[in-house]
Amino acid sequence: MRRKILKERSAKAGKAPGTLIYVGEPHTAATRISLMDYDETRITEHVLGSADEIRPFTEQSTVTWLNVDEVQEPGLIAAFGKVLGFHALMQEDLLNTDQRPKVDDHGDHLYVVLKMLEWKPGAQGAEGSIDIEQLSLVVGENYVITFQERAGDFFDPIRARIRESVGRARKMGADYLAYSLLDVVVDQYFTVIERLGDRIERLEDEVTGRPARDTLARIQALKREVLFVRRAVWPLREVVASLRHLDTRLIAKSTQVFLRDLQDHVVQAVEGIDTCQDLATDLLDAYLSVIGNRTNTVMKVLAVFSAVFMPLTFVTGIFGMNFRHMPPLEWDWGFGATLAAMTAMAAGMVAFFRARRWL
11 MRRKILKERS
21 AKAGKAPGTL
31 IYVGEPHTAA
41 TRISLMDYDE
51 TRITEHVLGS
61 ADEIRPFTEQ
71 STVTWLNVDE
81 VQEPGLIAAF
91 GKVLGFHALM
101 QEDLLNTDQR
111 PKVDDHGDHL
121 YVVLKMLEWK
131 PGAQGAEGSI
141 DIEQLSLVVG
151 ENYVITFQER
161 AGDFFDPIRA
171 RIRESVGRAR
181 KMGADYLAYS
191 LLDVVVDQYF
201 TVIERLGDRI
211 ERLEDEVTGR
221 PARDTLARIQ
231 ALKREVLFVR
241 RAVWPLREVV
251 ASLRHLDTRL
261 IAKSTQVFLR
271 DLQDHVVQAV
281 EGIDTCQDLA
291 TDLLDAYLSV
301 IGNRTNTVMK
311 VLAVFSAVFM
321 PLTFVTGIFG
331 MNFRHMPPLE
341 WDWGFGATLA
351 AMTAMAAGMV
361 AFFRARRWL
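Okay, structure coming up:
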């Protein structure tokens, strides 16, 4: 997918700013626009057929949440931009799924980009993997629009709270809804970090025990995943800090308290990622140290064998010379005496090594 994204980004070179080209993994599923409109007394839900149908809801005093799945059609984004007055560069960013997390203030609406991370368990005992998806939020005075790459998310608890009117869900405005969505995304970061920690612990046990042939490859894959997660999570600190300090009427003072708590959670997630990165680096160093010690042990054994057999090779080399007159060759016990001497020499060498604690 990374090579495909880079290829499509290069295809945009030379085109005018604001040109709508989808950058991301292609999908075959149809785009779906779901709407949830509510206030303290009522709630309505619809599936819309086009962007033109949202105008009446954004002009009401109720809170409107529009969720758009399978965002890849430039025509749909252009229709949203026409209805709600989105800037051309913002429309371009909505179709670019490789955006860095950021927040842009467009006056009557805010544009927020972040990454959703989800841990996918492996099949039949295999190690799991991390799935990443870009989430774009447009926060207006009384509406929130979420643009997702694919269908399916982990926002069902928020939908349930809105339907059941639990807590502040139906009493607060669109800014609180945007905070709730960001909070759920950050909570998923901790799940991913915990799974990475479990993998690090398993690899630590394997490295300190008996590393397998693929241990190094798995450590390198882990380091790449940790770096991958850090790249997705780290910029969110700036995003939440910017939301807290924006001079805008779109975020009420009552929501600032929750954004401050969200910022604390993001900082904790970043610290957890940094810890995982340090542990992964230490794990690689430990693996290389274990392999080095194992190699040194093998070389020590080979050196001991060489030292023991070196004088024996010297003796056999002397007796292998083609001289006609060698006194020991004429002795009746010459062969046995030579073997006994060679055995004594080998035993003496081993005893010497043990006395020096080399064995």
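All you need for the working numbering is the position in the sequence shown, starting with 1, plus 10. Positions of the beta carbon are idealized from the N, C-alpha and C atoms, including for glycine.
C-beta contact flag for residue i and residue j at 7 angstroms
i, j, result
"L187", "V236", "no"
"L147", "V122", "yes"
"K125", "A242", "yes"
"R42", "P245", "no"
"L272", "L206", "no"
"D185", "I64", "no"
"V318", "A356", "yes"
"L294", "I229", "yes"
"T225", "E216", "yes"
"V196", "V113", "no"
"L145", "Q101", "no"
"R247", "V276", "yes"
"S115", "L253", "In the sequence under discussion, the amino acid at residue 115 is Asp, which differs from the Ser named in the question. Contact flag unset, no."
"R240", "I283", "yes"
"R171", "A179", "yes"
"G330", "P338", "no"
Limits of the alpha helix (DSSP H) - the one that residue i falls within
i, result
"T201", "184-218"
"I43", "That residue, I43, is in no alpha helix (DSSP H); its beta strand (DSSP E) goes 42-48."
"V239", "225-243"
"M352", "344-365"
"H275", "263-329"
"H255", "246-255"
"D103", "98-104"
"D166", "166-174"
"T258", "That residue, T258, is in no alpha helix (DSSP H); it is neither H nor E in DSSP."
"F333", "Unbroken run through F333: none, as it is neither H nor E."
"A89", "84-94"
"R178", "R178 -> no alpha helix (DSSP H), and no H or E assigned at all."
"P66", "65-68"
Rounded Cβ spacing between residue i and residue j (contact assumed at less than 8 angstroms)
i, j, result
"E159", "V81", "6 angstroms"
"V33", "L127", "V33 to L127, Cβ: 20 angstroms. No contact."
"A61", "L86", "6 angstroms"
"F200", "A279", "6 angstroms"
"L322", "M352", "5 angstroms"
"F363", "V314", "6 angstroms"
"L120", "T285", "With a Cβ gap of about 32 angstroms, L120 and T285 do not count as contacting."
"Q198", "F164", "6 angstroms"
Close-in-space but distant-in-sequence residues of the same chain around residue i (CB under 8 angstroms, 5 per side omitted)
i, result
"G358", "none"
"E55", "S44, L45, M46, D47"
"R209", "E137, L232"
"F268", "Y186, Y189, D193"
"A161", "A39, R42, D79, E80"
"T218", "A296, V300"
"A89", "S60, A61, D62"
"E83", "Y32, T41"
"A222", "E216"
"D141", "L127, E128, W129, K130"
"G132", "G138, S139"
"T291", "K233"
First and last residue of the uninterrupted beta strand (DSSP E) at residue i
i, result
"K112", "112-115"
"M126", "120-130"
"L145", "139-149"
"E35", "Neither: E35 is in no beta strand (DSSP E) and is coded neither H nor E."
"E55", "53-58"
"I155", "153-158"
"L76", "73-79"
Own chain, CB closer than 7 angstroms to residue i, minus 5 neighbours either side, in chain order
i, result
"E214", "L293"
"K17", "Reliability fails at K17, whose pLDDT of 46 lies under 50, so the model's placement of it is uncertain and the value that follows must be treated cautiously. Excluding positions up to five away in sequence, the list is empty."
"T74", "L45, D47, F67, T68, N152, Y153"
"L58", "I43, L45, I64"
"S71", "N152"
Close beta carbons around residue i, own chain, < 6 angstroms, minus the five adjacent residues each side
i, result
"L91", "Note on identity: in this sequence residue 91 is Gly, with Leu being the wrong assignment. The residues are Q101."
"N77", "S44, T156"
Validate contact between the segment 147-166 and the segment 31-50 using beta carbons, cut 8 angstroms, 3 pairs
Touching, yes.
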